[in-house]
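Student: As you go down the protein sequences, you meet chains R and L in turn. Just so you know, we're using this note's numbering here: the first sequence kicks off at 71 and counts up by one. Just so you know, we're using this note's numbering here: the second sequence kicks off at 4 and counts up by one.
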Amino acid sequence: MYTGLRGLASVPSYVIMQPTTLCNLDCVYCYLPHRAANRRMTVEVAEAVAATVNRWAAAAPRFSVVWHGGEPLAAGRDHLAALMAPFRGVEHHIQTNATLIDDAWCDFFLEHDVHIGLSIDGPRPATVGRRLRSGGEAYDRIVAGIETLRRRGVAFAILAVVSDPGPGLAAPLYEFLAGLGPTIIAVNLEEQEGTNRRPNAYAPDRVRAFWAELTAAWRRDPRVEVREVEWALRFAGAALAGDADDLLPRRHDPIPTITYDGKVVLLSPELAGFTSDRYGDFTAGSVRDTPLDEIVERAATHPTGWLAEYLAGVEACRASCAYFGFCGGAHAANRYFEQGRFDTTRTRHCLNSRIALLEGVLDHARG
Amino acid sequence: MLEADGPEPDVRTDARLGEVLAGSAPAGYAEVLTGSAPASYAEVLTDSAPAGYAEVLTDSAPASYAEWQHSGAATPAQPPENRQEGVLADTGVDLDPQVELLDRLRRTPGLAALVDEAVATWRAREGTSDDGTPGWRAFSDAFPTFWEFSNRPR
Numbered sequence: 071m072y073t074g075l076r077g078l079a080s081v082p083s084y085v086i087m088q089p090t091t092l093c094n095l096d097c098v099y100c101y102l103p104h105r106a107a108n109r110r111m112t113v114e115v116a117e118a119v120a121a122t123v124n125r126w127a128a129a130a131p132r133f134s135v136v137w138h139g140g141e142p143l144a145a146g147r148d149h150l151a152a153l154m155a156p157f158r159g160v161e162h163h164i165q166t167n168a169t170l171i172d173d174a175w176c177d178f179f180l181e182h183d184v185h186i187g188l189s190i191d192g193p194r195p196a197t198v199g200r201r202l203r204s205g206g207e208a209y210d211r212i213v214a215g216i217e218t219l220r221r222r223g224v225a226f227a228i229l230a231v232v233s234d235p236g237p238g239l240a241a242p243l244y245e246f247l248a249g250l251g252p253t254i255i256a257v258n259l260e261e262q263e264g265t266n267r268r269p270n271a272y273a274p275d276r277v278r279a280f281w282a283e284l285t286a287a288w289r290r291d292p293r294v295e296v297r298e299v300e301w302a303l304r305f306a307g308a309a310l311a312g313d314a315d316d317l318l319p320r321r322h323d324p325i326p327t328i329t330y331d332g333k334v335v336l337l338s339p340e341l342a343g344f345t346s347d348r349y350g351d352f353t354a355g356s357v358r359d360t361p362l363d364e365i366v367e368r369a370a371t372h373p374t375g376w377l378a379e380y381l382a383g384v385e386a387c388r389a390s391c392a393y394f395g396f397c398g399g400a401h402a403a404n405r406y407f408e409q410g411r412f413d414t415t416r417t418r419h420c421l422n423s424r425i426a427l428l429e430g431v432l433d434h435a436r437g
Numbered sequence: 004m005l006e007a008d009g010p011e012p013d014v015r016t017d018a019r020l021g022e023v024l025a026g027s028a029p030a031g032y033a034e035v036l037t038g039s040a041p042a043s044y045a046e047v048l049t050d051s052a053p054a055g056y057a058e059v060l061t062d063s064a065p066a067s068y069a070e071w072q073h074s075g076a077a078t079p080a081q082p083p084e085n086r087q088e089g090v091l092a093d094t095g096v097d098l099d100p101q102v103e104l105l106d107r108l109r110r111t112p113g114l115a116a117l118v119d120e121a122v123a124t125w126r127a128r129e130g131t132s133d134d135g136t137p138g139w140r141a142f143s144d145a146f147p148t149f150w151e152f153s154n155r156p157r
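1. List the endpoints of the continuous alpha helix (DSSP H) containing PHE407(R).
2. Could one say the Cβ of ARG128(L) lies closer than 9 Å to chain R's Cβ atoms, at least one of them?
3. Is the CB-CB distance between GLY395(R) and ALA314(R) below 9 Å?
4. How many Å lie between THR91(R) and ASN270(R) at the Cα?
5. CYS420(R) and ASN404(R): beta carbons closer than 9 Å?
6. Please check if any C-beta of chain L sits within less than 9 Å of the C-beta of PHE280(R).
7. Assuming PRO252(R) contacts ILE86(R) (C-beta within less than 8 Å), just tell me the rounded distance between them.
8. Give me the Cα-Cα distance between ASP331(R) and GLU364(R), rounded to the nearest whole angstrom.
9. Looking at chain L, is there any beta carbon in it that lies within less than 9 Å of the beta carbon of SER390(R)?
10. So with Cβ pairs under 9 Å, would you call PRO156(R) a contact of chain L?
11. Could you tell me the alpha carbon to alpha carbon distance between SER346(R) and TRP376(R), rounded to whole angstroms?
12. Quick one: does ARG304(R) have its CB under 9 Å from some CB of chain L?
13. For the segment 366 to 430 of chain R, which segments carrying the alpha helix (DSSP H) assignment without a break, of at least 4 residues, lie completely within its bounds, in sequence order?
14. Checking 9 Å against the spacing of the C-beta atoms, do LEU284(R) and VAL294(R) come in under that value?
15. Taking 9 Å as the threshold (C-beta atoms), are ALA208(R) and CYS97(R) in contact?
16. Secondary structure at GLN101(L), three-state DSSP: helix, strand or coil?
17. Taking Cβ-Cβ distances below 7 Å as the criterion, which residues of the segment 103 to 118 of chain L are in contact with chain R?
18. Distance, Cα to Cα, VAL384(R) vs GLY140(R)?
19. With a threshold of 9 Å between beta carbons, is ARG436(R) in contact with chain L?
20. Give the secondary structure of HIS149(R) by DSSP, where H, G and I count as helix, E and B as strand, and everything else as coil.
21. Which residue marks the beginning of the beta strand (DSSP E) containing VAL136(R), and which one marks its end?
22. In chain order, what residues of the same chain lie with their CB nearer than 7 Å to the CB of PRO147(L), ignoring the 5 residues before and after it?
23. Between LEU310(R) and chain L, is the shortest Cβ-Cβ distance under 9 Å, so that the two count as touching?
24. Mind checking if VAL431(R) is an interface residue toward chain L, Cβ cutoff 9 Å exclusive?
25. DSSP state of TYR84(R), grouped into three classes?
26. Which ranges would you report for the alpha helix (DSSP H) in the segment 186 to 235 of chain R if only whole runs of at least 4 residues count?
27. Which runs of the beta strand (DSSP E) at least 3 residues long sit entirely within the segment 238 to 265 of chain R? Give them in chain order.
28. Name the chain L residues whose beta carbon is nearer than 9 Å to that of GLY395(R)?
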């Protein structure tokens, strides 16, 4: 019955740039390969991307360039500024672990009008998985970075990873995170993907209880936007209004991720840097020899390989899953890293972060 | 084989799915995977499942969701069951689970009040537009990377 998300759009609303593969942290659940290596994007690659992106941005109300690592700040201010320089008319975003943020970086953020998303998983015990390369806890450095942002008036969003969701966690988590003063909180339950093979087969009733408790906490004090809860409520509102089919975008945003060396991975940035016997390196081309718009247009009009398999998987979700209108189909990286293919359907990520989420919100509503 | 330093993901081993992918599956199975098979074929595929298991896996019975949580039958702790679940979830459905879910939402006590509160929060957060619709904040303002959708009005 849902008519959205059929095929790939030929123009994205944002691109993801990998300025360096390096991260100064070594978190226990990180999915990124090569994060110990400092492979930096060249300005030539950024210029090649900007040649297309600037045209896309000129034709759109908003267009975002997301700098995502590794740790983007590990590229250094001068190099990051050089990579940003070719872009025109875009919003820059940086997803950072916050540990390197100081006044000089705040000057940079303000000068370039950068939207900041940072990662912290809650109070110190909940953030224990974020580790320095020395093995020590990164918590104090993260909090120091946040305090610097606040002192300088730089707005930020928070992304929290929860590794063992269950009752009793969500309320203190929300209270702590909201107290840090973010514009929005997003909660990712740990996913088994990339280099992270830790199990995430959580007990469904515990996951539902977590989401129900988060909903209750937000409802008591909705001063900060909570991405997952509010998205679920928007779906619920549309369902009550009878227009749930209007929620899903008509097509998948291709979400081009440009790796440090100019390769383009569509749909799932988590696939960048991996290869498989069956699917190769998951890339759709390289901006070093083909314009980005040609790469995306070709993939959208003639999807092949894993992209075609993924789109078949989306149709299988549409045909079989009650929750399709809420989630739009299992994400590509979750399918691959959990099940080895893209034409499968329900993943553990679906169970934990979509189905249990919606059911948890309903549990809370019932009281 | 992964070149990166992670292990190779599990590869599905369900024999019937492998046959389909290799083009040697019995007639009808591909249709099941694409949701166009007759209902009876899906029943055949689930012959060996415990009673109600197929319903749970295909969400054909909303009430069974709670049962499923506690049954352990579909607990995603064991990879082989995950694989089986993925296959069975592909096998088409006798009922329309999407319609049933929407109906269940409409019948959920307290949900309308919760949504009303959320809408009030959104209005307070962003003000109200001239036509009275909430001024949705764009999730993508903060996390364009991590959500397939924005909540911008379309």
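Quick reminder that beta carbons are idealized off the backbone N, C-alpha and C, glycines included. If you're wondering where the values come from, they're calculated on a predicted model, not measured in any experiment.
Tutor: Short version:
1. Taking the first residue of the first sequence as 1, we reach residue 407(R) at position 337. Its alpha helix (DSSP H) spans residues 402 to 409.
2. Position 125 of the second sequence, counted from the start, is the residue given in the question as residue 128(L). Output row for ARG128(L): interface = yes.
3. Taking the first sequence and counting its residues from 1, one reaches residue 395(R) at position 325. Taking the first sequence and counting its residues from 1, one reaches residue 314(R) at position 244. Against a cut-off of 9 Å, the Cβ pair of ALA314(R) and GLY395(R) comes out as a contact.
4. Taking the first residue of the first sequence as 1, we reach residue 91(R) at position 21. Taking the first residue of the first sequence as 1, we reach residue 270(R) at position 200. Spanning the two alpha carbons is a distance of roughly 25 Å.
5. Counted from its first residue, the first sequence places residue 420(R) at position 350. Counted from its first residue, the first sequence places residue 404(R) at position 334. Against a cut-off of 9 Å, the Cβ pair of ASN404(R) and CYS420(R) comes out as a contact.
6. Residue numbering aside, residue 280(R) sits at position 210 when the first sequence is read from its first letter. Not flagged as an interface residue toward chain L: PHE280(R), since no C-beta distance is shorter than 9 Å.
7. Translated into positions along the first sequence, residue 252(R) becomes position 182. Translated into positions along the first sequence, residue 86(R) becomes position 16. About 21 Å separates the two Cβ atoms, so there is no contact after all.
8. Here residue 331(R) refers to the residue found at position 261 when the first sequence is read from its first residue. Here residue 364(R) refers to the residue found at position 294 when the first sequence is read from its first residue. If I take the Cα positions, the gap works out to 18 Å.
9. As a first step, residue 390(R) must be located in the first sequence, where it is residue number 320. By this cut-off, SER390(R) is an interface position.
10. Within the first sequence, numbered from 1, the residue matching residue 156(R) stands at position 86. Taking Cβ atoms only, chain L never reaches closer than 9 Å to PRO156(R), which makes this a no.
11. In the first sequence, residue 346(R) corresponds to position 276, counting from 1. In the first sequence, residue 376(R) corresponds to position 306, counting from 1. Distance between the alpha carbons of SER346(R) and TRP376(R) is about 11 Å.
12. In the first sequence, residue 304(R) corresponds to position 234, counting from 1. Yes, ARG304(R) lies at the interface with chain L (some Cβ there is under 9 Å from its Cβ).
13. 375 to 390, 394 to 397 and 402 to 409
14. As a first step, residue 284(R) is located in the first sequence; it is residue number 214 there, counting from the start. As a first step, residue 294(R) is located in the first sequence; it is residue number 224 there, counting from the start. Contact: no.
15. To locate residue 97(R), count along the first sequence from 1; it is residue 27. To locate residue 208(R), count along the first sequence from 1; it is residue 138. Yes.
16. For the purposes of this step, residue 101(L) is taken as the residue at position 98 of the second sequence. It is helical.
17. GLU103, LEU104, LEU105, LEU108, ARG109, THR111, PRO112, GLY113, LEU114, ALA115, LEU117 and VAL118
18. As a working mapping, residue 384(R) is identified with position 314 in the first sequence. As a working mapping, residue 140(R) is identified with position 70 in the first sequence. Their Cα atoms are separated by approximately 29 Å.
19. Numbered from 1 along the first sequence, position 366 holds the residue referred to as residue 436(R). Closer than 9 Å to some Cβ of chain L, the Cβ of ARG436(R) qualifies, so yes.
20. As a working note, residue 149(R) is residue 79 in the first sequence. In the structure shown, HIS149(R) sits in a helix (DSSP, three-state: H, G or I).
21. Counting from one through the first sequence, the residue named residue 136(R) turns up at place 66. First-last of the beta strand (DSSP E) with VAL136(R): 134 to 137.
22. By 1-based counting over the second sequence, the position of residue 147(L) is 144. Its pLDDT being 45, under 50, PRO147(L) is placed unreliably by the model, and the measurement read from it follows with that caveat. Excluding residues within five positions, none has a Cβ falling inside 7 Å.
23. Taking the first residue of the first sequence as position 1, residue 310(R) is located at position 240. Interface residue, yes.
24. Reading the first sequence from its first residue, position 361 is the one you call residue 431(R). Interface residue, yes.
25. Translated into positions along the first sequence, residue 84(R) becomes position 14. Strand at TYR84(R).
26. 209 to 222
27. Fully contained in the segment 238 to 265 of chain R are the following beta strand (DSSP E) runs of length 3 or more, in chain order: 254 to 259.
28. The residue given as residue 395(R) occupies position 325 in the first sequence. Near GLY395(R) (Cβ distances below 9 Å), the residues of chain L are GLN101, LEU104 and LEU105.
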